[in-house]
Amino acid sequence: MTILEVEKLKVSYSNHVAIENINFKIEDGEYVCLVGENGSGKSTLVKTIVGLLKPEEGQVNLNISLDEVAYLSQTNLKDLDFPATAKEIIMSGTQKHGKLAFYTKKDKEIYEKVIKDLKIEDLQGRRIGDLSGGQKQRVLIARALVRQPKLLILDEPATGLDYNITKELYKILENLNKENKMTIVMATHDLEEINEIKPRIISLAKTVKYDGDLEGWKGF
Amino acid sequence: MSDIMNLLSYTFMQRAILCGIAISFSAALIGVILTLKNYSMIGHGLGEVGFAALALAMALNLEPIAVSIPIVIVAAIVIMFISQKKGESADIIIALVATGALAIGVIITASTSGFGADSYNYMFGSILAMNTGDVILSIILTVLSIGIYIAFYNRLFLVTFDEKYAKTTGINVTFYQFLIALLTALVVVVGMRMMGTMLISSLIVFPAIIAKKFTTSFKGLVVMSVITSVVCFLIGIFTSFFLNMPTGAGIVLVYIILLAISSVCCKLAKI
Chain A
1 MTILEVEKLK VSYSNHVAIE NINFKIEDGE YVCLVGENGS GKSTLVKTIV GLLKPEEGQV
61 NLNISLDEVA YLSQTNLKDL DFPATAKEII MSGTQKHGKL AFYTKKDKEI YEKVIKDLKI
121 EDLQGRRIGD LSGGQKQRVL IARALVRQPK LLILDEPATG LDYNITKELY KILENLNKEN
181 KMTIVMATHD LEEINEIKPR IISLAKTVKY DGDLEGWKGF
Chain B
1001 MSDIMNLLSY TFMQRAILCG IAISFSAALI GVILTLKNYS MIGHGLGEVG FAALALAMAL
1061 NLEPIAVSIP IVIVAAIVIM FISQKKGESA DIIIALVATG ALAIGVIITA STSGFGADSY
1121 NYMFGSILAM NTGDVILSII LTVLSIGIYI AFYNRLFLVT FDEKYAKTTG INVTFYQFLI
1181 ALLTALVVVV GMRMMGTMLI SSLIVFPAII AKKFTTSFKG LVVMSVITSV VCFLIGIFTS
1241 FFLNMPTGAG IVLVYIILLA ISSVCCKLAK I
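What follows is the structure in structure tokens.
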């Protein structure tokens, strides 16, 4: 089943064309990496898919409800400080369009399961600003996962993380894809750690330069 | 203590305390969101707009609240939406709106009644002159603020913490921005009578800034801000009465002292 379809997409900032003529389909259960050099349009594409940017031409067709999509934005984790606990931030991920703004018993059960799976039970009462970069990223991943998404979209999730934490993060994503059959679309420029997953590569340089398996890809 | 009991036997004082607690409560609730969203100065900007609206009401011999509520609501929405949609810094928009409104207010006042006692009261507050209508309005505003806060608490938290994320979930972020603008405008208009157009922003900003030093959670911040706001108001009103100071300025002074003490305590606790 096609979960996401991008057709003839063009996005511009003022007079500058960021991406154009982007076409691809993503099937249920795929692990897709959007790769490209800085300024190639990865973040613009991701933001357009999740609805933060409006396309000038073309369209993004999501064949699932927006409630089944979770997004992890590119965040400067060092500067992430806010008077809120990890629990408050993670629970906020259960909020959905058209649903009452109160947390249900089911939301709380999902929350308990997610923090147990990500091994972050001990972080729940701590202020987000007091956590390390890796812990903050786990909290944001947990916020995405409590939505129980079919499609997880990530924009440079390893930004600012050290080698070991990055490795751990990719392991979590691999498990979500393999065990939970979650479709993952990740903008990244770091492919070293995901070789084992053998993701589908969509290489961008304003437009799609390559779309296929990792073996056939010859670099940027 | 007996002096305070004597003071409380006066009707004007009872009205002032009821109004003050209600306005302090509402201002602290909305203040948490505004300070975290970097809209700390919006209260000041809207106070100036309120001054212009009151000057217009006096010139046209209309009911001040009836004129100022719609004007301040429109100004709040304009400030929020221009800074959100056009990406302009909130500080710049607030500065433009505030100085523009103040200039209009001064021109209207100077060309009509001149700067008399009424203008002074609007600019620096006159809590002891509040009437029964002010009490009712303040209590309605407080009930409305608490109701909206409870009903949309989780949504307001999400929109305050991560607006972009909220947009990607399909939640109508614009609606919540409108709600925040509306609540801010109501707090400013009702609070102007108590604190004056010049000092109203202190009621919005100080409680959240002080409470932020002692809390780790958003819920804790909201509760602590409300407690700080109400306690500072009560200390401020009694102190200003006994020391014969203007009430609004007295409350701000209490805030400043508490902020200084809390900052020192936090520094010492870290050593």
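Just so you know, the protein sequences line up as chains A and B, in that order.
Its first residue numbered 1, the first sequence is counted upward by one per residue in the numbering used here.
Its first residue numbered 1001, the second sequence is counted upward by one per residue in the numbering used here.
The C-beta atom is built at its ideal place from N, Cα and C for all residues, glycine as well.
What's the C-alpha gap between Thr1216 (chain B) and Pro83 (chain A)?
Position 216 of the second sequence, counted from the first residue, corresponds to residue 1216 (chain B). Position 83 of the first sequence, counted from the first residue, corresponds to residue 83 (chain A). About 5 Å.
Using a Cβ cut-off of 7 Å, pull out every chain A residue sitting near Ile1272 (chain B), in sequence order please.
Chain B is shown from 1001 up to 1271; residue 1272 (chain B) falls before or after that span and cannot be answered.
Using a C-beta to C-beta distance shorter than 9 Å, which residues of chain B count as neighbours of Leu66 (chain A)?
Residue mapping note: residue 66 (chain A) aligns to position 66 of the first sequence, counting from 1. Those are Thr1168, Thr1169 and Gly1170, listed as they occur along chain B.
To the nearest angstrom, report how far apart Leu152 (chain A) and Ala144 (chain A) are at their CA atoms.
Here residue 152 (chain A) refers to the residue found at position 152 when the first sequence is read from its first residue. Here residue 144 (chain A) refers to the residue found at position 144 when the first sequence is read from its first residue. Spanning the two alpha carbons is a distance of roughly 8 Å.
Would Ala1053 (chain B) pass as a contact of Val1072 (chain B) if the rule is Cβ separation under 9 Å?
Translated into the one-based positions of the second sequence, residue 1053 (chain B) becomes position 53. Translated into the one-based positions of the second sequence, residue 1072 (chain B) becomes position 72. Yes, the Cβ-Cβ distance between Ala1053 (chain B) and Val1072 (chain B) is below 9 Å.
Going by C-alpha distance, which of A:Leu4, A:Val6, A:Lys54 and A:Asp28 is nearest Ser14 (chain A)?
Translated into the one-based positions of the first sequence, residue 14 (chain A) becomes position 14. Among A:Leu4, A:Val6, A:Lys54 and A:Asp28, the Cα nearest to that of Ser14 (chain A) is on A:Lys54.
So, for Leu1141 (chain B): in the same chain, excluding its five sequence neighbours on each side, which residues have a beta-carbon less than 8 Å away from its beta-carbon?
The residue given as residue 1141 (chain B) occupies position 141 in the second sequence. Only residues of its own chain outside the window of five on either side were considered, and among them Ala1022, Ile1023, Ser1026, Leu1186, Val1187 and Val1190 have a CB closer than 8 Å to the CB of Leu1141 (chain B), listed in chain order.
Chain B partners of Val50 (chain A), CB-CB under 7 Å?
Along the first sequence, read from residue 1 onward, the residue named residue 50 (chain A) stands at position 50. Neighbours of Val50 (chain A) in chain B, taken as residues at a C-beta separation under 7 Å, are given in chain order as Thr1168.
Decide if the region 1098-1111 of chain B is in contact with the region 1038-1054 of chain B; the criterion is three or more beta carbon pairs, one per stretch, under 8 Å apart.
yes
Since Val146 (chain A) and Val114 (chain A) are thought to touch, with beta carbons under 8 Å apart, how far apart are those beta carbons, to the nearest angstrom?
By one-based count along the first sequence, residue 146 (chain A) stands at place 146. By one-based count along the first sequence, residue 114 (chain A) stands at place 114. Indeed they touch by this definition, with Cβ atoms about 5 Å apart.
Residues that Val1217 (chain B) contacts on chain A, provided the C-beta gap is smaller than 9 Å
Position 217 of the second sequence holds residue 1217 (chain B). Residue identity check: residue 1217 (chain B) is Ser in the sequence provided, not Val. Ordered by position in chain A, the residues that pass the 9 Å Cβ test against Ser1217 (chain B) are Pro83, Ala84, Thr85, Lys87, Glu88, Gly125 and Arg127.
Does the region 83-95 of chain A come into contact with the region 55-67 of chain A, if we say contact requires no fewer than three beta-carbon pairs (one atom in each stretch) closer than 8 Å?
no
Considering only their Cβ atoms, is the gap separating Ile1251 (chain B) from Ile1237 (chain B) smaller than 9 Å?
As a working note, residue 1237 (chain B) is residue 237 in the second sequence. As a working note, residue 1251 (chain B) is residue 251 in the second sequence. Their beta carbons are under 9 Å apart, which means Ile1237 (chain B) touches Ile1251 (chain B) by this criterion.
Among residues of its own chain, excluding the 5 on either side of Thr44 (chain A), which ones have a beta-carbon nearer than 6 Å to its beta-carbon?
Here residue 44 (chain A) refers to the residue found at position 44 when the first sequence is read from its first residue. Val11, Ala18 and Ile19.
Roughly how far, in whole angstroms, is the beta-carbon of Leu1221 (chain B) from the beta-carbon of Val1032 (chain B), given that I think they are within contact range, below 8 Å?
Against the second sequence, residue 1221 (chain B) aligns to sequence position 221. Against the second sequence, residue 1032 (chain B) aligns to sequence position 32. Distance from Leu1221 (chain B) to Val1032 (chain B) at the Cβ level is roughly 6 Å; contact confirmed, criterion being Cβ atoms closer than 8 Å.
Would you grab the beta carbon distance between Gly1147 (chain B) and Leu1199 (chain B) for me? Rounded to a whole angstrom, and I think it's under 8 Å.
If you number the second sequence from 1, residue 1147 (chain B) lands on position 147. If you number the second sequence from 1, residue 1199 (chain B) lands on position 199. With 8 Å as the limit, Gly1147 (chain B) and Leu1199 (chain B) do not qualify as a contact, their Cβ atoms being about 27 Å apart.
Return the chain-ordered list of same chain residues with a C-beta closer than 8 Å to the C-beta of Thr1112 (chain B), the five sequence neighbours on each side being excluded.
Taking the second sequence and counting its residues from 1, the one referred to as residue 1112 (chain B) is at position 112. Contacts found: Ala1055, Met1058 and Ala1059.
Interface partners of Asn1038 (chain B) on chain A, CB under 9 Å
Start at 1 with the first residue of the second sequence, and residue 1038 (chain B) comes out as number 38. Ordered by position in chain A, no residue passes the 9 Å Cβ test against Asn1038 (chain B), which lies about 12 Å from the chain.
Reduced DSSP secondary structure (H/G/I, E/B, other) of Asn1154 (chain B):
For the purposes of this step, residue 1154 (chain B) is identified with residue 154 of the second sequence, where counting begins at 1. Helix, per DSSP.
Where Tyr103 (chain A) sits in the DSSP three-state scheme:
In the first sequence, counting from the first residue as 1, residue 103 (chain A) sits at position 103. The answer is coil: DSSP assigns Tyr103 (chain A) none of H, G, I, E or B.
Alpha carbon to alpha carbon, what distance is there between Ile172 (chain A) and Asp117 (chain A)?
As a working mapping, residue 117 (chain A) is identified with position 117 in the first sequence. As a working mapping, residue 172 (chain A) is identified with position 172 in the first sequence. Computed Cα separation, rounded: 9 Å.
Leaving out five residues on either side along the sequence, give the residues of the same chain with a beta carbon under 6 Å from the beta carbon of Ile1235 (chain B).
As a first step, residue 1235 (chain B) must be located in the second sequence, where it is residue number 235. Correct list, in chain order: Val1254.
Can you give the Cα-Cα distance for Val69 (chain A) and Asp211 (chain A), rounded to whole angstroms?
For the purposes of this step, residue 69 (chain A) is taken as the residue at position 69 of the first sequence. For the purposes of this step, residue 211 (chain A) is taken as the residue at position 211 of the first sequence. Approximately 23 Å, taken between the alpha carbons.
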